[in-house]
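Peer 1: Can you keep this structure in mind? I'll have questions shortly.
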Amino acid sequence: MDYIAPAVKKGNTELLEWLNEEIESLYEEKFFTKAYEETLKPAFGETIKADAVVVESKVE
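Reminder that position 49 of the sequence shown reads as 800 in the numbering used here, one-by-one numbering, no gaps.
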């Protein structure tokens, strides 16, 4: 599986911590699933489900 992720310059811990907090907040709101439903689902139809392309939690 491929992931798209923001990049943070090594050593920029302030930005990294802020970004991680924002992503966690978006996970809790199910933002990524909602965005999929509104933007990609009309193009993909019923053949590709949200969980095939959306990650709504931390990947360890």
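Beta carbons are placed, not taken as given, at the ideal position from N, Cα and C, and that holds for glycine.
Note that the structure is a prediction, hence the values are computed from the model and not measured.
Whole angstroms are fine: how far does the CA of Thr790 sit from the CA of Gly796?
Peer 2: Counting from one through the sequence shown, the residue named residue 796 turns up at place 45. Counting from one through the sequence shown, the residue named residue 790 turns up at place 39. One C-alpha to the other measures close to 11 angstroms.
Peer 1: Work out the CA separation of Ile755 and Glu768 for me, nearest whole Å.
Peer 2: Taking the first residue of the sequence shown as 1, we reach residue 768 at position 17. Taking the first residue of the sequence shown as 1, we reach residue 755 at position 4. Going from the Cα of Glu768 to the Cα of Ile755 covers about 18 angstroms.
Peer 1: Please determine, among Ala794, Glu779, Thr798 and Pro793, the residue with the shortest C-alpha to C-alpha distance to Val806.
Peer 2: The count along the sequence shown starts at 1 and reaches residue 806 at position 55. Nearest C-alpha to Val806: Glu779.
Peer 1: Throw me the rounded Cβ distance for the Leu777 and Pro757 pair, which I believe falls under 8 angstroms.
Peer 2: Counting from one through the sequence shown, the residue named residue 777 turns up at place 26. Counting from one through the sequence shown, the residue named residue 757 turns up at place 6. In fact, because the Cβ distance is near 12 angstroms, the residues do not count as touching under 8 angstroms.
Peer 1: If you draw a straight line from the C-alpha of Val804 to the C-alpha of Glu773, how long is it?
Peer 2: Position 53 of the sequence shown, counted from the start, is the residue given in the question as residue 804. Position 22 of the sequence shown, counted from the start, is the residue given in the question as residue 773. Cα to Cα, Val804 sits roughly 20 angstroms from Glu773.
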